[in-house]
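A short write-up of the structure that comes next.
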Amino acid sequence: MLQLSFIREKTAEVIDRLKLKNFDGTQVIGEIIRFDDIRRESQKALDELQAQSNAIAKEIGILFKQGKASETNALKEKTAELKTKAKEFEIKLEAARKELDDLLVRVPNLPHPGVPSGRSAEDNEIVQSEDAMIPADGEYLPHWELITKYDIIDFVTGTKITGSGFPVYKGKGARLQRALVNFFLDQAIAAGYFEVQPPYMVNAASAFATGQLPDKDGQMYHDLTDDLYLIPTAEVPVTNIYRDSILKVQDLPCKNVAYSACFRREAGSWGKDVRGLNRLHQFDKVEIVQVTVPEKSYHALEEMREYVAGLLRKLELPFRIVKLCGGDMSFTSALTYDFEVWSVGQKRWLEVSSVSNFEAFQSNRLKLRYKDENGKIHLAHTLNGSALALPRIVAALLEINQTPEGIRVPEVLKSYCRFEMIN
RNA sequence: GGAGAGGUGGGUGAGUGGCUGAAACCAACAGUUUGCUAAACUGUCGUACGGGAAACUGUACCGGGGGUUCGAAUCCCCCCCUCUCCGCCA
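Here it is, written out as C-alpha cells:
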C-alpha cells in the first residue's frame, strides 16, 4: 500500500509511474485525495467538538467538587448537543476511512525507474546469462519420464491420496529433496541469514499485510472452519514476524531464511506446460527475507540476486536472470528479478526464483517501521526471494544429469544426499 | 473441550469513575563526575492523525468491538488472546 502522504505530495509522479505497470491511476488517485479531504475535514471538526466536550466535562468535575451540582445542568445539556453533532462527523469520518482503505488497497506499488516497460513476459529484459553449460545437442528425457523410470516421484499415488499436483516423493527422490533443502538452508546461514520455522497457516490479517489479500484471494487454500489460510510462500509468515513493530536502526538489516512447504490452488492455470514438476499445488521452498533501511534496499536486492546466482552455479545449472517488465511484475513489487534454469528435457526456461524489492509497500500495510539515529520513525523496506523453489530445480537437475547409467548427483549435493547416483 | 485467573507504555507493575497519557522501578538514550571499566547523580524516554517555521499544541489509543455517564484504563455486554488446573492427545 502506498503512503497517503506520498500520494498527496507527488500526485502527478505517482500517476505517471503507475503507467509503467499499465495501471491508469488517474481516477483512483483522484478519488483517494477526495476521500482523504473528507476524512481530514471530518476529523478536524470531530476533534474540535471533542475538545469542547472535554473542557465542559472538566468544568463539571470542578463544580461537583465545589458542591455546586445544581450549576451543572446547563453544561450537561450543552455536551448532549455537542455529542449529537459529533455523531454526524463520526459517521462521515468512518465512511471516508472505509472508502479510502478500499481505494488504497487497489493501487499497485510504483515500479522502480529502472523497470523496463512492457505488457508481458515477452518484454522482460535478460540482464544476465550463464548458459555456457547448455549441452549442444543430444537426447534428453524430460523429468517426468525420468522419475517414472527410476520410480522416485509418484504422481498417481499422490492423486489417490489427495489430488493432482500433490506428488509422493520416494526413496532417492525424497532424499534428494531433503538434501536440497538442507543445502539451501546451510548456504543461507553461511551468508548471514537467520533461520526461522514459521507456521504454515496464517490468519487473514497476515495474508492482508503482505498483500496476498485481497488481490490473490482465490489462489490460497482457505480453511473456513477457523478462517486460516495455507501459506503460498514462507514470505507471508516470515515477513509478518515484523508486523506492527518498530525496530531499532542498528538492528537492521534483518535477514531471515525459512524452509516451508507452499500451497497454491493455481486456479485457472492448468493447461500445457504444467506437466510433471512444473506446477504443483504443494511444493517445498527455501525463502530469504530482508528488512532494511530505504537507502540500502537496492543494495540488498543486488546482494540477494548475487546470492541466488551463486546457488545455481554451485548446482551446475545453466541459468539466466531477467528483470521483469512493468506489466509482468507483481502488484506489490517495485523491482523483480526472475531466475530461470534451462530444462534440457523440455527445451525451455523454468522460473525457479523471484527476487523482489517491495520498498515500503508491504511495510506500510505491515506497520513495520524503524527508529533512526535521531529517534525519527520511518517505514522500513522489505525484500524477499526464493532460494530456491524445489520442484523445478529437481526437474532441471534430473534432466541435465541423466546418463545411460543413471542420474548423477551434483558435487555439492553428494555429502547431503549420501549417494552419488540415482539408478 | 471444562473450571479459574488475567490482559496497562520496551520490561516489571500501580491505578477501580474526574486532578491519569497514565505512579514507581528496571531497561534504553544523552550529559556530569571518576585515570579506564563500573558505580553515582541529572535529564530525556509511547504511537497515530491534525495545526504550527519552531517551541509547542488539539484529538484518539491502557487486548478488540459495543454500551452506561457531563466525564471511563476504572462500571456493563460481546469477542479474542495468555496463564494455571482438569480432560484428550502427536
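Just so we're on the same page, our numbering is the position in the first sequence counted from 1, plus 10. All C-beta atoms in this analysis are idealised placements derived from N, C-alpha and C, irrespective of residue type, glycine included.
Return the CA-CA distance between residue i and residue j, expressed in angstroms with no decimal places.
i: E132; j: A219; result: 31 angstroms
i: G40; j: T392; result: 28 angstroms
i: S255; j: Q207; result: 20 angstroms
i: L257; j: S307; result: 16 angstroms
i: T413; j: K295; result: 27 angstroms
i: E421; j: R27; result: 46 angstroms
i: P224; j: F429; result: 45 angstroms
i: A67; j: K97; result: 18 angstroms
i: L322; j: R315; result: 11 angstroms
i: E205; j: P263; result: 14 angstroms
i: K86; j: R379; result: 43 angstroms
i: E312; j: V365; result: 9 angstroms
i: L389; j: I43; result: 21 angstroms
i: G320; j: Q292; result: 26 angstroms
i: Y426; j: I17; result: 50 angstroms
i: T94; j: N367; result: 48 angstroms
i: S343; j: S127; result: 14 angstroms
i: A65; j: N83; result: 15 angstroms
i: D47; j: S15; result: 12 angstroms
i: K170; j: K102; result: 55 angstroms
i: K381; j: V404; result: 43 angstroms
For the putative contact between residue i and residue j, defined by C-beta atoms under 8 angstroms, what is the C-beta separation to the nearest angstrom?
i: L113; j: V38; result: 6 angstroms
i: H153; j: E409; result: 5 angstroms
i: N433; j: Y160; result: 7 angstroms
i: I241; j: V212; result: 6 angstroms
i: I331; j: V137; result: 5 angstroms
i: L110; j: F45; result: 5 angstroms
i: Q62; j: L30; result: Not confirmed; about 49 angstroms, so no contact.
i: A399; j: V351; result: Incorrect: roughly 10 angstroms between the Cβ atoms, too far for contact.
i: E140; j: K333; result: With a Cβ gap of about 15 angstroms, E140 and K333 do not count as contacting.
i: S216; j: E297; result: S216 to E297, Cβ: 15 angstroms. No contact.
Going by the DSSP bridge assignment, what does residue i pair with across the sheet?
i: L238; result: N213, D233
i: R418; result: M431
i: Q412; result: I417
i: D164; result: V178
i: R379; result: I256, L389
i: R6; result: Since the first residue shown for the chain is 11 and the last is 433, residue 6 is missing from the structure and cannot be characterised.
i: V267; result: E205, I298
i: A399; result: K295
i: N394; result: V299, S366
i: D273; result: Looking at the sequence provided, one finds Phe at residue 273 rather than Asp. Answer by DSSP bridge pairing, in chain order: Q292.
i: L345; result: N367
In terms of residues, what are the limits of the alpha helix (DSSP H) holding residue i?
i: E19; result: 14-19
i: Y308; result: 307-324
i: N367; result: Run containing N367: none in the alpha helix (DSSP H); it sits in the beta strand (DSSP E), 358-369.
i: T158; result: 153-159
i: T243; result: Element bounds for T243: n/a, residue is neither H nor E.
i: I101; result: 82-114
Start and end of the beta strand (DSSP E) containing residue i?
i: V299; result: 292-302
i: N6; result: A question about residue 6 goes unanswered here, because the residues of the chain that appear run from 11 up to 433.
Using CA coordinates, which residue listed in the options is at the minimum distance from residue i?
i: I70; options: E81, A61, Q60; result: E81
i: A146; options: L389, G355, R379, E313; result: G355
i: R375; options: V117, D261, K333, T89; result: V117
i: G202; options: Q300, G337, Q372; result: Q300
i: D237; options: A244, T243, E245, D227; result: D227
i: R50; options: I144, F99, V303, L378; result: F99
i: I162; options: T302, R379, I17, L287; result: L287
i: N266; options: P304, V284, I199; result: I199
i: F341; options: R418, E23, I25, F33; result: F33
i: N384; options: T169, Q260, E104, F329; result: Q260
i: P177; options: D164, E245, D382, P209; result: D164
i: L327; options: F16, M143, M431, I48; result: M143
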